[in-house]
Each structure stands twice: as structure tokens, then as C-alpha cells.
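Trainee: Protein chains in written order, with the numbering used here: chain P, 1 to 326; chain L, 1 to 326. We put the CB at the ideal spot given by N, CA and C, even for glycine. If you scroll down you'll find the structure; I have some questions about it.
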Amino acid sequence: MDATDQKRLLREMLFARRFEERCAEAYHERQIGGFLHLYPGQEACAIGVLEKAQTGSDYVVTGYRDHIHALKSGMDPKALMAELFGKEAGCSKGRGGSMHLFDPDVHFMGGYALVGGPFPLAAGFAKVIQLRGGQEISICFLGDGANNQGTFHETMNMASLWKLPVLFICENNLYGIGTAIERATVEINQYKRVAPYGIEAAQCDGQDIDIVMSHAEKAVNYVREQRKPYFLELMTYRLRGHSMSDSGAYRSKEEVEEWAQRDPIGIYKRRLVEAGVVTEEEFHAMDKAIQDEIENEVVRYAMECPEPRVEDVARYVYTEGGNHHG
Amino acid sequence: MAELMYWQGILRAHDEEMARDPLVFAMGEDIGVAGGTYKATSGLFAKYGEQRVIDTPISENSYTGIGVGAAMLGARPIVEIMSVNFAWLAMDQLMNNAAKIHYMSGGRIRCPFVMRVPGGTAHQLGAQHSARMEKVFMGISGLRVVTPATPRDAYGLLKSAVRSDDPVVIIEHESMYNLKGEVPDEEFFTPLEGVEIMRPGKDISIFAYNISVHWALDAAQKLASEYGIDAEVIDLRALKPLDRAGIAASVRKTHRALIVEEDEAPVGVGSEVIAIINEECFFDLDAAPVRVHALDVPIPYNHRLEKAAIPNAGDVVAAVKKMFGR
Chain P
1 MDATDQKRLL
11 REMLFARRFE
21 ERCAEAYHER
31 QIGGFLHLYP
41 GQEACAIGVL
51 EKAQTGSDYV
61 VTGYRDHIHA
71 LKSGMDPKAL
81 MAELFGKEAG
91 CSKGRGGSMH
101 LFDPDVHFMG
111 GYALVGGPFP
121 LAAGFAKVIQ
131 LRGGQEISIC
141 FLGDGANNQG
151 TFHETMNMAS
161 LWKLPVLFIC
171 ENNLYGIGTA
181 IERATVEINQ
191 YKRVAPYGIE
201 AAQCDGQDID
211 IVMSHAEKAV
221 NYVREQRKPY
231 FLELMTYRLR
241 GHSMSDSGAY
251 RSKEEVEEWA
261 QRDPIGIYKR
271 RLVEAGVVTE
281 EEFHAMDKAI
291 QDEIENEVVR
301 YAMECPEPRV
311 EDVARYVYTE
321 GGNHHG
Chain L
1 MAELMYWQGI
11 LRAHDEEMAR
21 DPLVFAMGED
31 IGVAGGTYKA
41 TSGLFAKYGE
51 QRVIDTPISE
61 NSYTGIGVGA
71 AMLGARPIVE
81 IMSVNFAWLA
91 MDQLMNNAAK
101 IHYMSGGRIR
111 CPFVMRVPGG
121 TAHQLGAQHS
131 ARMEKVFMGI
141 SGLRVVTPAT
151 PRDAYGLLKS
161 AVRSDDPVVI
171 IEHESMYNLK
181 GEVPDEEFFT
191 PLEGVEIMRP
201 GKDISIFAYN
211 ISVHWALDAA
221 QKLASEYGID
231 AEVIDLRALK
241 PLDRAGIAAS
251 VRKTHRALIV
261 EEDEAPVGVG
271 SEVIAIINEE
281 CFFDLDAAPV
291 RVHALDVPIP
301 YNHRLEKAAI
311 PNAGDVVAAV
321 KKMFGR
């Protein structure tokens, strides 16, 4: 990977971080409502994996912590922020919100609120790829908490049985909402849980994007070439709470501080500075430019564009012509 | 015009749609090699192969979700749930995903998903194989719910459901698969909305759906021959959305209404139809509308108790006689 790409990746992770922080501000200012689940600490996961996929062609689906998967899939940040602000120009026309981002134009097939709900959807996308005979793959990002749902086991079984080209990415951030993994799960190494289904799996550091990309490349190639599922577990951590209403009572400040030392942006930045790819000054200029872009282009757009018309509240319940009669 | 059995109508619709479109596929428990519990998919496995006629493991929620995911990419899955009772297990994928994706994506993703479920009480199957879930399905925004009462509509509704871009639940009946009736030889589509007048009459409107249409027709014959009461029998057919105008038009003509449903009150088709009558044509009524329904009990195994729990044509006749003071 050359210096230009390395700088781009650093910028993408930093953009993701600043985007999420700006969301938190907008939430406190009540411009964003509902539940808001932010991604700081996990940036290397979505960005590292999707860097090695064919975004726009491969199909991507995830849970409710979905902003950065949507961005890296190719969603316009303005359409994303407009959605969070509940606007008609949002990626889901203001009907979805933070947990329900959609952009089928870039094959980002959604964020979903029910934990474990996307497992079978991802297998369904793969089923269609199989029927059409295409070379795309389906990529499903979920957390460790989702693996205690029945859909995890049911889908692993069927995906393996029917040789469906799905890459399952488990972002193991050690907590299912506010319950530590070892208090909810017997086998805490998630990658071991797919072995009975005959699915190849690996576990790696999710904080170092170079490590993520190296494993993701193998995983993506495996699914694309073998046309069967693969499971990759990324060990990561959320530096913020589960959502904006998180007491934090379930984990210690020391633990959070310890993981903050392994911040994926910090790790990558130090590496690029040491290698002479980027200087401290360039990094600060990059950060400033990102924050200006988010404020002056993204947030301004989201603030200024109109809300949906109230008279359209029942639009999209059914499709036009859904009452088929020949 | 050929005389077909109910299951043969369903099979013919599958076959025609699968022959027409390679992205139409069927999945469910025992539908392939075994030919389907009620033969409705018999012969399709040999004709279309295991990629398109898929025997699933007993994992209702996740194979439903695989169907939903496939529909999101433009395939047209026909998912059979072996018994409507098992659909409770699939409610998450049906309700949270299939029904809501089009709306919460702001109309950007369509979900042309079809679920076929044999519903109703058969004979001494006990409480966990005798559910009627129409009240549940018809309470979910974004779904279409239809209920064929004849082989003609068993064929025509499945044809329309496959072509519709909305998710459609088709409630069949375990006791009706061998029912015979005329089905036109040429291709046709039964609309997914609107009532059908099965027997015109002037004295009272009897609203029914699925198996209760047959109870209503038997009752109407007896009311005419023995009591000189000319009942109009309306097959509601589409339970969601209900045809408000069609219901009101009949009541405006007869000024009396009775609803007969196999499902239990409280909460159900009967209460909904009476609410519609109140809202649309209350002042056209000559008498309070009446509902005939199952008792509010889990369906018992004992044959006398089971019979007592479910309404029949005699109950309809008795209720109508009472309305007319006979």
C-alpha cells in the first residue's frame, strides 16, 4: 500500500471519529433524536475490512452501530447526516434514523435494530448472488452480543450447508449492551463458535488497521473464490458507551483508559509518522480540514434541507402498484 | 375450465411463476424431496432442482430471514411455513424486517416476499397445531394478508403475491387442500385487495374469509330454503388492507351484518369489520352487527371440546335467526 493510500486511510478513520463526535454534539443539542450508537474505538474494523472488499458491488449489512459501515460503503456523508437530522434528503428520507440507514445504490443494505436480525438477511443476499451466478459476496458486520441469538446458529448452519458466499465479521467489543461477554457467554472466543458448522474462522486484533486489512484480504478472497462462508473475529472496544444513554457503571475507567492507549487512529498515526508518511503538522491540518468539512458542508446541509411533508406520512407503507392484479 | 383441488391451484401457480422467472424460488420444511406436507410443491424439486426448491432445516425465523434478504435484492421467494403455528417463531423477520424495510428505507428497498402458511384448525391437532393468526398478521403495517377460500383464489392469489413488490402473507387452510373447484385454464390473477360477492342477497350481509366462507354459504342456503332470508355472502379475501368500500357497499344494500370467523374473539377480523361498518355506514344499519367466532380458549384435543370451540354453519344460522327475531 503506497503513501497516498495510507494517508487516505488515516483520513477516513479520522473523518469517522470526528463525524461521530459531531453526532454526539448534535444529539445533545437535540438535533438528532432517538437512539444513537457511536463507533469511536472501532474504526479500524469497518474501514479495514471494507478497504479489502469491492464496495459498491459486494453487499454490506450491519446492526444499529452503522454510520461508518455506511460511509465506507460509499454513502454520501451529507445524506447520512441529513438522515440523522430526520430530513427528506436523508439516505432513508427521514423515515429510518440512525439505526436504519440504507443506500442500495452502493449496495449498503441497511442497519437494523434487532440484535442478530441481519444474519439471515446477509445469507439471503448471498442466496441471490448464488442464483445469479455473480462474483459478489455478502458481508455481515455484527457484534459479539449477536452471537447469542438463535439467528446466529441457524444462519451459520444454513450458510455452510448451502455454500453461501457470506463473510461474517464479528466486531467483538467485549460487551453486549452493558453486560461483559464472560458474564453472558461460555465460549468467549467467538471464532470458535462456528467450528461445529464447518465454517473457517480466524481471530485478530481489530485496533490495528494493517492487521485487520491483512486478515480481511484473506477472508474476502476465501469467500469470493471458495464460494462459501468465512467468519472473522476482530478484537475491539468501544471508547464511548453502548448508546448515548450509557451509565458506564459496568466497566472501569481504568479499562477504558487502557483501551484508549490502543486507539486505532493513534496506532496508525504513530506508524505513519515514524515511517515519514505523514508529519504531526500534516495530521493536525488534516484534522482541521475534516472538522471544517463536517461543519461547513455536512452539518450545514443537514440543518438546511427540509423535513418530510407531514402529508406523506403514509407514503412507502406499500409500493405503488403493490396490489397486483394482472 | 378444469376442476382442480386447492393444493393443485397452489402448485400450478408455483410452477408457472418459477418457469417464467429464474429468481422465483421456493423454500420451506419438507417442500422439496418430500413434496410438501400438503403436496402444494410436489414435483417442483425434480423440475427446478435443489437451488430453487429448497428443503430447509427446522429454523423458521432464519429461513424466513433468508427469504427476506433475497427479496431485498429482487428475487421472489415463496417461503412455506409448514403450519401457521410455527410462524410465531418467524415473527421477528416477518414483522421487523419484511414488513418495515420498504417504509424505513424511504421506499428505496422493496421486499417482494411471499409467505404461505396453512392456518386454521384441522382435526384434533391440539392447541399448538390449531392456531389462527390472521389477527396478528393483519395488525402489522406494511404487510399484505390474503386468504383463499377456493382453488381458484389459491391459484390466483399466489400468482398476484409473487408479482407484487410488497410482502404478502397467504393464509391457506389445513382442511381445504383437497377442496375441489373450477380454475380457468388461462393465466389469471386474483387482486390482493377487495372483497368478492360469493352469493348476492338483499336481507343481510354475511362477511367471511377462508374456511368460514363455506360455513357462510351453507348457512345462506339454509336461511333461504327454511326461513326465507336472502343472505349476501361476502368473501373478505384480503384481510390487509381490508376493503372498507366493499364492506360498506354490501351493508348499505342489506342494512344488516354478521361476521363469521374461525379465529377467536376478542381482537380480530370481526371486531375490525364492525369498526369499519360503524365508521362507514352506521346509519344504514337496521340492527346491531353480530360476530360469530371461536371461543377464547386454546384449542382442545378432545373432539367434542374442539367442535364446541370452533363455530360452524349452524351457529351462523342461529345468529341470523336471532337477529330477525325468528
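#1: For residue 146(L), report the span of its beta strand (DSSP E) as first-last.
#2: Tell me whether residue 270(P) is buried or exposed, calling it buried when 16 or more other Cβ atoms sit within 10 Å of its Cβ.
#3: With DSSP as the reference, label residue 151(P) as helix, strand or coil.
#4: Strictly below 7 Å CB to CB, what residues from chain L border residue 318(P)?
#5: Tell me whether residue 123(L) is buried or exposed, calling it buried when 16 or more other Cβ atoms sit within 10 Å of its Cβ.
#6: Any residues in the region 74 to 97 of chain P with a beta carbon nearer than 9 Å to a beta carbon of chain L? Which ones, in chain order?
#7: Between the region 61 to 73 of chain P and the region 132 to 151 of chain P, are three or more C-beta pairs nearer than 8 Å?
#8: Name, please, each residue of chain P whose Cβ falls closer than 7 Å to the Cβ of residue 104(L).
#9: I want to see whether chain P comes within less than 8 Å of residue 330(L), judged by CB atoms only; does it?
#10: For residue 240(L), which three-state DSSP category applies?
#11: Which whole runs of the alpha helix (DSSP H) in the region 140 to 225 of chain L are 4 residues long or more, in chain order?
#12: Can you find a CB in chain L that lies within less than 8 Å of the CB of residue 281(P)?
#13: Give every residue of the same chain whose Cβ lies closer than 6 Å to the Cβ of residue 7(L), excluding the five residues on either side of it in the sequence, and list them in chain order.
#14: Taking only beta carbons into account, state which residues of the region 47 to 75 of chain L come closer than 8 Å to chain P, listed in chain order.
#15: Contact criterion: CB-CB distance below 8 Å. Does residue 8(L) meet it with respect to chain P?
#16: Counting only Cβ pairs nearer than 9 Å, list the residues of chain P close to residue 191(L).
#17: For chain L, is any of its Cβ atoms less than 8 Å away from the one on residue 117(P)?
#18: For residue 154(L), is the classification buried or exposed, using 16 other Cβ atoms within 10 angstroms of its Cβ as the cut-off for buried?
#19: What would DSSP say about residue 156(P), mapped onto helix, strand or coil?
#20: Looking at residue 306(P): is its Cβ nearer than 8 Å to the Cβ of residue 51(P)?
#21: Please determine, among 68(P), 124(P), 75(P) and 37(P), the residue with the shortest C-alpha to C-alpha distance to residue 52(L).
#22: Using the beta-carbon count (16 or more within 10 Å), is residue 156(P) buried or exposed?
#23: Assign residue 170(P) to one of three DSSP states: helix, strand, or coil.
#24: Could you check where the alpha helix (DSSP H) with residue 27(L) kicks off and where it finishes?
#25: Report the partner residues of residue 12(P) according to the DSSP bridge assignment.
#26: Go ahead and label residue 63(L) buried or exposed: buried means 16 or more other beta carbons lie within 10 angstroms of its beta carbon, across all protein chains shown.
#27: Grab me the residues of residue 301(L)'s own chain with a C-beta within less than 6 Å of its C-beta, minus the 5 sequence neighbours each way, in chain order.
#28: Evaluate contact between the region 260 to 271 of chain L and the region 279 to 299 of chain L, counting only Cβ atoms and requiring at least three cross-stretch pairs below 8 Å.
#29: Beta-carbon of residue 315(L) versus every beta-carbon of chain P: anything under 8 Å?
#30: Relative to chain P, which residues along the region 15 to 26 of chain L have a C-beta separation below 8 Å, given in chain order?
#31: In angstroms with no decimal places, state the Cα-to-Cα distance between residue 73(L) and residue 38(P).
#32: If the criterion is Cβ atoms closer than 8 Å, does the pair residue 171(P) and residue 23(P) meet it?
#33: Using 8 Å as the threshold, is the C-beta distance between residue 194(L) and residue 246(L) below it?
#34: Against residue 188(L), what residues of chain P qualify as contacts under a CB-to-CB distance less than 7 Å, listed in chain order?
Mentor: The short version:
#1: Its beta strand (DSSP E) spans residues 144 to 146.
#2: exposed
#3: helix
#4: 166
#5: The residue in question, residue 123(L), is exposed, as its Cβ has fewer than 16 Cβ neighbours within 10 Å.
#6: 83, 88, 90, 91, 92, 93, 94, 95, 96 and 97
#7: yes
#8: 92, 95, 96 and 100
#9: The requested residue 330(L) is not part of the displayed model; chain L covers only 1 to 326.
#10: In this structure, residue 240(L) counts as strand in the three-state DSSP scheme.
#11: 151 to 163
#12: no
#13: Within the same chain, and ignoring the five residues on either side of residue 7(L) in sequence, the residues whose Cβ sits closer than 6 Å to its Cβ are 38, 39, 40 and 177.
#14: 51, 52, 54, 56, 57, 59, 61, 62, 63, 64, 65, 66, 67, 68, 69, 70, 71, 72, 73, 74 and 75
#15: no
#16: Ordered by position in chain P, the residues that pass the 9 Å Cβ test against residue 191(L) are 323, 324, 325 and 326.
#17: yes
#18: With 16 or more Cβ atoms within 10 Å of its Cβ, residue 154(L) is classed as buried.
#19: In the structure shown, residue 156(P) adopts helical secondary structure according to DSSP, grouped into three states.
#20: The answer is no: Cβ separation not under 8 Å.
#21: If we check each option's Cα against that of residue 52(L), 124(P) comes out closest.
#22: buried
#23: strand
#24: Annotation: residue 27(L) is outside any alpha helix (DSSP H); the continuous beta strand (DSSP E) that includes it extends over 24 to 28.
#25: Its beta-bridge partners do not exist; DSSP assigns none.
#26: buried
#27: Excluding sequence neighbours, residue 301(L) sits near 124 and 126.
#28: Contact holds: three or more Cβ-Cβ distances are below 8 Å.
#29: no
#30: Interface annotation for the region 15 to 26 of chain L against chain P: 22, 23 and 25, criterion Cβ-Cβ distance under 8 Å.
#31: When rounded, the distance between both Cα atoms is 28 Å.
#32: no
#33: In contact: residue 194(L) and residue 246(L) (Cβ atoms closer than 8 Å).
#34: Taking a Cβ-Cβ threshold of 7 Å, the residues of chain P close to residue 188(L) are 326, in chain order.
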